[in-house]
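These protein sequences, in sequence, are chains A and B.
Numbering of the first sequence is given in our numbering, commencing with residue 63 and proceeding in unit increments.
Numbering of the second sequence is given in our numbering, commencing with residue 36 and proceeding in unit increments.
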Amino acid sequence: MSAGTVSLSRFQQLMAQNQAARIARRKALNGVMLTLTGLLTVLALIPLFWIVGYVLYKGAAALSIAFFTQLPTPMGIPGGGVRNAIEGTIVITVLACLFAIPPGVLAAFYAARYPNTPLGVAVRFSTDVLSGVPSIVIGLFIYVLVVQPQGHYSALAGGIAVSLLMLPTIVRTTEEMLKLVPHSLREGSLALGAPEWKTSVSVLFPAALSGIITGFLLAISRAAGETAPLLFTALGNERYDIADIVHNGMVQKQGAFTILARIINQPADSLPLTLWKNSQQPFPERIQQSWAAALVLMVLALLINVFARVWVEYRRRKLQG
Amino acid sequence: MQTKLVEIAPRQQVRTVETNNKVQTKDLQVFYGKFRALADINVAIQENKITAIIGPSGCGKSTLLRSFNRMNDLTPSSHMEGEILLDGMDVNQPGVDVVEVRRRVGMVFQRPNPFPKSIYDNVAYGPRLYGVRRKGDLDSLVEDSLMKAALWDEVKDKLHQSGLSLSGGQQQRLCIARAIAVEPEVILMDEPAAALDPISTLRIEELMHDIVQYYTIIIVTHNMQQAARVSDFTAMMMIDDHRSGRMIEFGPTQDIFTNPKDKRTEDYVTGRFG
Numbered sequence: 063m064s065a066g067t068v069s070l071s072r073f074q075q076l077m078a079q080n081q082a083a084r085i086a087r088r089k090a091l092n093g094v095m096l097t098l099t100g101l102l103t104v105l106a107l108i109p110l111f112w113i114v115g116y117v118l119y120k121g122a123a124a125l126s127i128a129f130f131t132q133l134p135t136p137m138g139i140p141g142g143g144v145r146n147a148i149e150g151t152i153v154i155t156v157l158a159c160l161f162a163i164p165p166g167v168l169a170a171f172y173a174a175r176y177p178n179t180p181l182g183v184a185v186r187f188s189t190d191v192l193s194g195v196p197s198i199v200i201g202l203f204i205y206v207l208v209v210q211p212q213g214h215y216s217a218l219a220g221g222i223a224v225s226l227l228m229l230p231t232i233v234r235t236t237e238e239m240l241k242l243v244p245h246s247l248r249e250g251s252l253a254l255g256a257p258e259w260k261t262s263v264s265v266l267f268p269a270a271l272s273g274i275i276t277g278f279l280l281a282i283s284r285a286a287g288e289t290a291p292l293l294f295t296a297l298g299n300e301r302y303d304i305a306d307i308v309h310n311g312m313v314q315k316q317g318a319f320t321i322l323a324r325i326i327n328q329p330a331d332s333l334p335l336t337l338w339k340n341s342q343q344p345f346p347e348r349i350q351q352s353w354a355a356a357l358v359l360m361v362l363a364l365l366i367n368v369f370a371r372v373w374v375e376y377r378r379r380k381l382q383g
Numbered sequence: 036m037q038t039k040l041v042e043i044a045p046r047q048q049v050r051t052v053e054t055n056n057k058v059q060t061k062d063l064q065v066f067y068g069k070f071r072a073l074a075d076i077n078v079a080i081q082e083n084k085i086t087a088i089i090g091p092s093g094c095g096k097s098t099l100l101r102s103f104n105r106m107n108d109l110t111p112s113s114h115m116e117g118e119i120l121l122d123g124m125d126v127n128q129p130g131v132d133v134v135e136v137r138r139r140v141g142m143v144f145q146r147p148n149p150f151p152k153s154i155y156d157n158v159a160y161g162p163r164l165y166g167v168r169r170k171g172d173l174d175s176l177v178e179d180s181l182m183k184a185a186l187w188d189e190v191k192d193k194l195h196q197s198g199l200s201l202s203g204g205q206q207q208r209l210c211i212a213r214a215i216a217v218e219p220e221v222i223l224m225d226e227p228a229a230a231l232d233p234i235s236t237l238r239i240e241e242l243m244h245d246i247v248q249y250y251t252i253i254i255v256t257h258n259m260q261q262a263a264r265v266s267d268f269t270a271m272m273m274i275d276d277h278r279s280g281r282m283i284e285f286g287p288t289q290d291i292f293t294n295p296k297d298k299r300t301e302d303y304v305t306g307r308f309g
């Protein structure tokens, strides 16, 4: 008893002896680390602002109404726009969503519900592998699978290639969001006598929806910026003109299905493809358009991200009341 | 009010007041894999009474409660042996429709778990499952259920706000309204007030007293005062040497708390049990 008291007070003595020095050292260390982390954060942000600023500076000059509404002019002739690339980007992205979202979401439901079955493990493993495959390899794969048998490049092939790139993101984010839904909600629904599918559709899916949609949007913003998988699939098409296809189709009294097939069945351009190709041209106005395309792509990605955040916050507020 | 209920459960209108065994188990055993979590449970739950299940942590109270509506089925590797008679019909048979069992035996959980939907949609969720589609029918069912759950006055002006915007106690009453909306015969409550403050707890207990005339209530609770306050019958559970839960005493709550037959029950209800 007395020994314990002595050793305790001895400790207190020792503590008192170097208290001032200890506190001073701690504060100094705190200051150094805070400065270091702050500096490195600024360092990490420099490239981002540099890229954004430079693209803005170079690209804004070439932006005009014509840039969005006109087709490219022949090489070396100033003027023209990239309407073909904007339309192609939209067509390819919509196709990619159609191919990637339904199977991706359903696979995620399965993997979230049965994580430890062989198929559930396979879903997770294969999406991990797929997300690691270089995008150019996916382009080549679709070239062999779709372009060669068809005998021509097409927006369809581009859409399929891009959908393979979106698939892992969609499956994994959807699965993670579904797993975040509290188990008690599932039980609450099942305890009312709801079957599993009904519980998934009416309780789990709405509860996870904002996160799932965010996953879609991020996948889309990434997919819209992909170049490599389109090189062997959509190829590029400076005369891609949906209005013209629709007009011709109407004149020839083709059905809606035929017109749609013609839209997706010919080679198409996209903004990243245009950026890449124009940047290699010797004509200054083409290089200018490259910068403008880069700016449009960047703004598009930014808008999608901002929209995703605003929407998630809106949903959260609405649900929390 | 009378006609509103007829479409869902005409049976309720003609229920007699005589007391009988609503739920009865015969040699019920519940296994998780090879581990026997519940052993030889024989209990008869009286209709339109509140039965409390008490006992130390890990003695299988919740497992027993969750076997009454076959929620244990959701735990992989679990299986049950023995009989669970609901109105004399064994619901622990392979061919039994689990959905119908769960409609007849509702459940309220420890933590309020309203769906992230509007108050209205939370209550209407169950009726919609069973095919009630007309807005007029749903409106009156929602109102009836919220009335019975003593929540109507607080939420009647904001039925289309999220259920998550309510306080914890209100959320739990919303969950009770949600369970009531499908006109169950038995309501299982798994420590329904464990996550609530004393005032909300009191409201839930009053609510149980108010609705027990329509339903048979089985409640699991850690709170001995609560069991003594609300229940008509009490079941005392404890684990045996093989860590299997057993029911060591069952009887009118009065007897269990004032004149227990088993020494372990006496120790537990008087707080001498560690």
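All C-beta atoms, glycine included, are put in the ideal place defined by N, C-alpha and C.
Check your understanding: Could you give the distance in angstroms between the alpha-carbon of I274(A) and the alpha-carbon of L160(A)?
Key -> 15 Å
Practice item. Could you tell me which residues DSSP puts in a beta bridge with N294(B)? Key: Beta-bridge pairing links N294(B) to no other residue.
Point to revise | Limits of the unbroken alpha helix (DSSP H) element including T60(B) | key: Element bounds for T60(B): not the alpha helix (DSSP H) but the beta strand (DSSP E), 56-67.
Review point. For I76(B) versus I253(B), is the C-beta distance shorter than 8 Å?
Key: no
Point to revise | Range covered by the beta strand (DSSP E) that runs through R87(A) | key: No beta strand (DSSP E) contains R87(A), which is instead part of the alpha helix (DSSP H) from 81-121.
Practice item. Would you please verify whether the beta carbon of S113(B) is less than 8 Å from any beta carbon of chain A? Key: no
Check your understanding: Who are Q81(B)'s beta bridge partners in DSSP?
Key -> N56(B)
Practice item. May I ask which residues mark the beginning and end of the alpha helix (DSSP H) holding I222(B)? Key: Where I222(B) is concerned, there is no enclosing alpha helix (DSSP H), although the beta strand (DSSP E) it sits in stretches over 221-225.
Practice item. Look at the alpha carbon of I282(A) and the alpha carbon of Q210(A), and state the distance between them as a whole number of angstroms. Key: 27 Å
Check your understanding: Can you tell which of E241(B), K152(B), Y165(B), G117(B) has the C-alpha that lies nearest to the C-alpha of P268(A)?
Key -> K152(B)
Exercise for review: Could you name the residues of chain A that R138(B) contacts, counting a contact when the two beta carbons are closer than 9 Å?
Suggested key: L254, G255
Review point. L381(A) CB to nearest chain B CB: under 8 Å?
Key: yes
Review point. What is the C-beta distance between H257(B) and E301(B), in whole angstroms, given that I count them as a contact (C-beta under 8 Å)?
Key: 18 Å between Cβ atoms; not a contact.
**Study point:** Pairwise C-alpha distance: F278(A) and D108(B)
**Key:** 34 Å
Check your understanding: For T320(A), does the count of other Cβ atoms within 10 angstroms reach 16, so buried, or fall short, so exposed?
Key -> exposed
Practice item. Enumerate, from N- to C-terminal direction, the unbroken beta strand (DSSP E) stretches of 3 or more residues contained entirely within the segment 307-336 of chain A. Key: none
Exercise for review: Quick one: which unbroken alpha helix (DSSP H) runs of 4-plus residues sit fully inside the segment 225-297 of chain A? Chain order, please.
Suggested key: 245-253, 258-261, 267-285, 290-293
Exercise for review: Quick one: using the 10 Å Cβ neighbour count with 16 as the cut-off for buried, is M36(B) buried or exposed?
Suggested key: Caution is warranted here: a pLDDT of 37 is assigned to M36(B), below 50, making its placement in the model unreliable, and no coordinate value can be reported.
Practice item. Counting only the same chain and skipping the five closest in sequence on each side, list residues whose C-beta sits under 7 Å from that of K367(A). Key: Rather than Lys, the amino acid found at residue 367(A) in this sequence is Asn. Around N367(A): S283.
Review point. How is D179(B) classed by DSSP in three states: helix, strand or coil?
Key: helix
Check your understanding: Using a Cβ-Cβ distance under 8 Å, would L100(B) count as near chain A?
Key -> no
Check your understanding: Using DSSP with H/G/I as helix, E/B as strand and the rest coil, what is I139(A)?
Key -> coil
Review point. Beta-carbon of T293(B) versus every beta-carbon of chain A: anything under 8 Å?
Key: no
Check your understanding: Around the Cβ of S251(A), are there at least 16 other Cβ atoms within 10 angstroms (buried) or fewer (exposed)?
Key -> buried
Practice item. Would you mind giving the Cβ-Cβ distance between D267(B) and T236(B), rounded to the nearest angstrom? I have them listed as a contact below 8 Å. Key: The pair is not a contact, with the Cβ atoms about 19 Å apart (cut-off 8 Å).
Check your understanding: Can you find a CB in chain A that lies within less than 8 Å of the CB of L121(B)?
Key -> no
Review point. With distances taken between CB atoms, is the gap from T60(B) to E118(B) smaller than 8 Å?
Key: yes
Practice item. Locate the beta strand (DSSP E) running through M259(B), then write down its first and last residues. Key: Here M259(B) belongs to no beta strand (DSSP E); instead the alpha helix (DSSP H) covers 259-265.
Review point. For G182(A), which residues from the same chain have a beta carbon less than 7 Å from its beta carbon, with the 5 sequence-adjacent residues on both sides left out?
Key: Y172, A173, Y176
Exercise for review: Tell me whether H244(B) sits in a helix, a strand or coil according to DSSP, three-state version.
Suggested key: helix
Point to revise | M224(B) versus E82(B) - alpha carbon distance | key: 15 Å
Check your understanding: Does DSSP classify D303(A) as helix, strand or coil?
Key -> coil
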